[in-house]
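Contents: one structure, followed by commentary.
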Amino acid sequence: MPDNTSDLFEKMMAFKQAGEFELIGTLIPYAGLVGLELVKENAGLITVLRSKPGNIGNTMISAVHGGVVGALLEHAGIMHIICECDITRLPKMINLSIDYLRPCLGTSDTYARGHIIKQGKRVTNIRIEAWQSDPSRPVAAAHAHFLMAQEK
Amino acid sequence: MSMHQTVMNFNNCYSLNSLKEVLEQLPHIQMLGIKIVKLERKSSLFKVDYAPEFIGNSDTGLIHGGIITTLLDSVGGAAVYSVLSEGVSLATLDLRLDYLRQATPGLAVMASAEAYHQTRNVVFVRGSAYHHQPDEPIANFVASYMVGSVGFSPNA
């Protein structure tokens, strides 16, 4: 992108201001493909990965593909920053580190919540956890760095 | 099966051809149309074509990071299976990726992985995702996989 004009960013900010957080996710084709949705709760934004047969990566225990679990964590991280932080452009992922903690079963929905560890001028460090039936028993967790400011 | 397999002896390992067949049949691999270009002992090369449903940024047409993560977790897993004894299962323990440059909208993404170290319980993998040459990576990754635990074993 030559500058920071962005239709996508403007649309997202409009939905955010209107409090229509669930609509922000509908702007992203990949979210529709794997079934990622946004739910705004009092405690903050929750990203939901719907149970979908096509997301299975392990047919023996019917577990969600590790890459899709990673996608949920990444998506939850970026959406948390978009929805909960004051931003002037879309954050860009620098790196992502995923820990797989328990089997993520394809038979139920998976939820994820971001928690900002540090928001700097240029970089935000965020921790994301994903769970199925019990938030205290996460199926996966990640931390990521996002670039916030314009390069150069 | 012997728990302590020597790295050079692949006699009891999965057949590479049947591994390729089984892995390409997994539902999410099918859904994204991921293809196994090459599978050897300790290394693998995967490919996914560009598709409009993969887009994460509708301004630029860039694919979502989830596609890259899925491709890398898959190619890394295949490199690990290639060194495992038949019947042994695998589960990803962790995966870290660095985004080095943006993908180009419209182009297929390749991913290669090498299982560079193997212990009784864990296999360590490194690799990258790229369009044309591995020395111009979109992302680099390292991952480790638990073997013989809850996970998937391709019944070849």
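Top line first, the protein sequences correspond to chains A and B. Per my numbering: the first sequence = residues 1469 to 1620. Per my numbering: the second sequence = residues 40 to 195. Even for Gly, the Cβ is constructed at its ideal location relative to N, Cα and C. Keep in mind that this is a model prediction, so the values were computed, not measured.
Residue i, buried or exposed, once every other Cβ within 10 Å from all chains shown has been counted against 16
| i | result |
| --- | --- |
| Gly-1493 (chain A) | buried |
| Ala-142 (chain B) | buried |
| Met-149 (chain B) | buried |
| Ala-154 (chain B) | buried |
Cβ of residue i within 7 Å of any chain A Cβ
| i | result |
| --- | --- |
| Glu-196 (chain B) | The displayed coordinates of chain B run from 40 to 195. Any statement about residue 196 (chain B) would go beyond what the structure contains. |
| Phe-93 (chain B) | yes |
| Gly-145 (chain B) | no |
| Ala-193 (chain B) | Sequence inspection shows Pro at residue 193 (chain B); the Ala mentioned does not correspond to that position. Cβ-Cβ to chain A under 7 Å: no for Pro-193 (chain B). |
| Tyr-89 (chain B) | no |
| Arg-165 (chain B) | no |
| Met-149 (chain B) | no |
Distance between beta carbons of residue j and residue i, contact taken as under 8 Å
| i | j | result |
| --- | --- | --- |
| Tyr-1624 (chain A) | Trp-1599 (chain A) | It is not possible to answer for residue 1624 (chain A), since the shown part of chain A is limited to 1469 through 1620. |
| Lys-81 (chain B) | Val-122 (chain B) | 6 Å |
| Leu-110 (chain B) | Ile-73 (chain B) | 6 Å |
| Lys-1479 (chain A) | Cys-1551 (chain A) | Not quite, the Cβ-Cβ distance comes to about 14 Å (not below 8 Å), so this is no contact. |
Coil, strand or helix - residue i by DSSP
| i | result |
| --- | --- |
| Tyr-1498 (chain A) | helix |
| Asp-112 (chain B) | helix |
| Ile-1492 (chain A) | helix |
| Pro-176 (chain B) | strand |
| Tyr-53 (chain B) | coil |
| Gly-95 (chain B) | strand |
| Val-122 (chain B) | coil |
| Met-1616 (chain A) | coil |
Min CB distance residue i to chain B below 7 Å
| i | result |
| --- | --- |
| Ala-1612 (chain A) | no |
| Gly-1545 (chain A) | no |
| Ile-1566 (chain A) | yes |
| Ile-1524 (chain A) | yes |
| Met-1480 (chain A) | no |
Test item: CB-CB of residue i and residue j under 7 Å
| i | j | result |
| --- | --- | --- |
| Ile-1585 (chain A) | Arg-1570 (chain A) | no |
| Thr-108 (chain B) | Gly-1535 (chain A) | yes |
| Asn-1523 (chain A) | Val-1516 (chain A) | no |
| Leu-1541 (chain A) | Ala-1610 (chain A) | yes |
| Ala-117 (chain B) | Leu-62 (chain B) | yes |
| Asp-1602 (chain A) | Arg-1518 (chain A) | no |
| Leu-1506 (chain A) | Glu-1488 (chain A) | no |
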